[in-house]
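Asks:
Residue numbers (UniProt numbering): 1 to 303.
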């Protein structure tokens, strides 16, 4: 990669890493699923009128949207609302790499390489250390919701790979059509009509800025840059830059919110990221699909 491409990859990692802090800040006082619905309305409009539809069936587009966007981000937002520190969320969400390899092995009969098996075991060990090292600071339900978000992301990766459709900005935009209505409906069920109305009234400038950041910068700009890098460089040269996202999310949450990670979280996180790196480097098949999903937020994150 050229210096310019490396700088662009670093910028994307910073955008995605800071996204978790922005979600936590912008969502204050807003029901998480309502905040999610508004975010994806902004992702879709007006981009859906400007970006060509991907070369995929509606079934594939809907499935990718259901798992990569609706499933992943509804669970992530609920996790943060339940007390998951934004910095730690950016770390735990990277378990999607391990989940993707395991799910692809079962659903697509893609037998993991030896390096991938070793990476999975290392990553699982790191996650266990993080879970045991919470020290009562992070609610267990929040951690489980974040892991469920990573699992949904992994399923979405596998669906995308099974379809044979190349990921890109078009798939991000068109699959986002699946999110707003179900997210709003779920918010009405979880928060009640009164809670949704109260959240709509509380939707002030901080929520508007948070929505603009998560939808425009994290989803559209970040995704566009990352896929441009993939078009110019081998995936094996681009994908490892995603591993900068957790350190950025942890550091930004530390500086902006005062969320100081415990030694066990830092140590377990380092072990988990080592496992993720070994898994990614252990098979180019995974490397070819991971950036597609990673760019969808955070996501997620964040996207």
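C-beta atoms are modelled at their ideal positions from N, C-alpha and C, and glycine is treated no differently.
Give the secondary structure of residue 84 by DSSP, where H, G and I count as helix, E and B as strand, and everything else as coil.
Replies: coil
Asks: How many angstroms separate the CA atom of residue 62 from the CA atom of residue 54?
Replies: 12 Å
Asks: Assign residue 229 to buried or exposed, taking buried as 16 or more other Cβ atoms, counted over all protein chains shown, within 10 Å of its Cβ.
Replies: buried
Asks: Can you list the alpha helix (DSSP H) stretches of 4 or more residues lying completely in the UniProt domain "EamA" (9–131), in chain order?
Replies: 32–44, 47–50, 58–64, 72–81, 86–92 and 96–107
Asks: Output the boundary residues of the alpha helix (DSSP H) element that contains residue 157.
Replies: 140–163
Asks: Would you call residue 141 buried or exposed, if buried means 16 or more other Cβ atoms sit within 10 Å of its Cβ?
Replies: By the Cβ neighbour-count rule, residue 141 is exposed, with fewer than 16 other Cβ atoms within 10 Å of its own.
Asks: So, under 8 Å CB-CB, residue 219 and residue 18 are touching, yes? Tell me the CB distance rounded to an integer number of Å.
Replies: Their Cβ separation, rounded to whole angstroms, is 14 Å, which puts residue 219 and residue 18 out of contact at 8 Å.
Asks: Can you round the beta-carbon distance between residue 195 and residue 26 to whole angstroms, since I take them to be within the 8 Å contact cut?
Replies: Contact doesn't hold; Cβ gap of about 17 Å is too wide.
Asks: Considering only their Cβ atoms, is the gap separating residue 243 from residue 276 smaller than 8 Å?
Replies: The Cβ atoms of residue 276 and residue 243 lie closer than 8 Å to each other.
Asks: Assuming residue 310 and residue 70 form a contact by the criterion Cβ under 8 Å, report the distance between their Cβ atoms to the nearest whole angstrom.
Replies: The displayed coordinates of the chain run from 1 to 303. Any statement about residue 310 would go beyond what the structure contains.
Asks: Mind checking whether residue 124 and residue 79 have CB atoms under 8 Å apart?
Replies: no
Asks: So is residue 93 buried or exposed if we call it buried at 16+ other beta carbons inside 10 Å?
Replies: buried
Asks: Can you give me the start and stop residues for the alpha helix (DSSP H) that residue 197 sits inside?
Replies: 180–201 is the span of the alpha helix (DSSP H), which, as asked, contains residue 197.
Asks: Below 6 Å CB to CB, which residues in the same chain sit around residue 158 once its five sequence neighbours on both sides are set aside?
Replies: 103, 104 and 107
Asks: Given a cut-off of 8 Å, decide if residue 85 and residue 23 are closer than it, judged by their beta-carbon atoms.
Replies: no
Asks: Quick check: the Cα distance between residue 96 and residue 153, rounded to an integer number of angstroms?
Replies: 6 Å
Asks: Identify, in the order they occur along the chain, each residue of the same chain with its Cβ nearer than 7 Å to the Cβ of residue 81, setting aside the five sequence neighbours on each side.
Replies: 27 and 32
Asks: In chain order, which alpha helix (DSSP H) runs of at least 4 residues are fully inside the stretch 192–279?
Replies: 205–212, 222–232, 235–238 and 245–257
Asks: Since residue 44 contacts residue 173 with CB under 8 Å, what's their CB separation in whole angstroms?
Replies: 6 Å
Asks: In the DSSP assignment, the alpha helix (DSSP H) including residue 172 goes from what residue to what residue?
Replies: Taken as a continuous stretch (DSSP letters only), the alpha helix (DSSP H) holding residue 172 covers 169–175.
Asks: Determine the burial state of residue 119: buried for a count of at least 16 other Cβ atoms within 10 Å of its Cβ, exposed for fewer.
Replies: buried
Asks: Alpha carbon to alpha carbon, what distance is there between residue 222 and residue 295?
Replies: For residue 295, the predicted model reports a pLDDT of 35, less than 50, meaning its position is unreliable; a value from the coordinates is still stated below. So the alpha carbons of these two residues sit roughly 7 Å apart.
Asks: Just to confirm my understanding: we take residue 3, look at its own chain, exclude 5 residues before and 5 after, and list those with CB closer than 8 Å. What are they?
Replies: none
Asks: Since residue 90 and residue 246 should fall inside the 8 Å C-beta cutoff, what is the C-beta to C-beta distance between them, to a whole number of angstroms?
Replies: 5 Å
Asks: Tell me the DSSP secondary structure of residue 1 in three-state form.
Replies: coil
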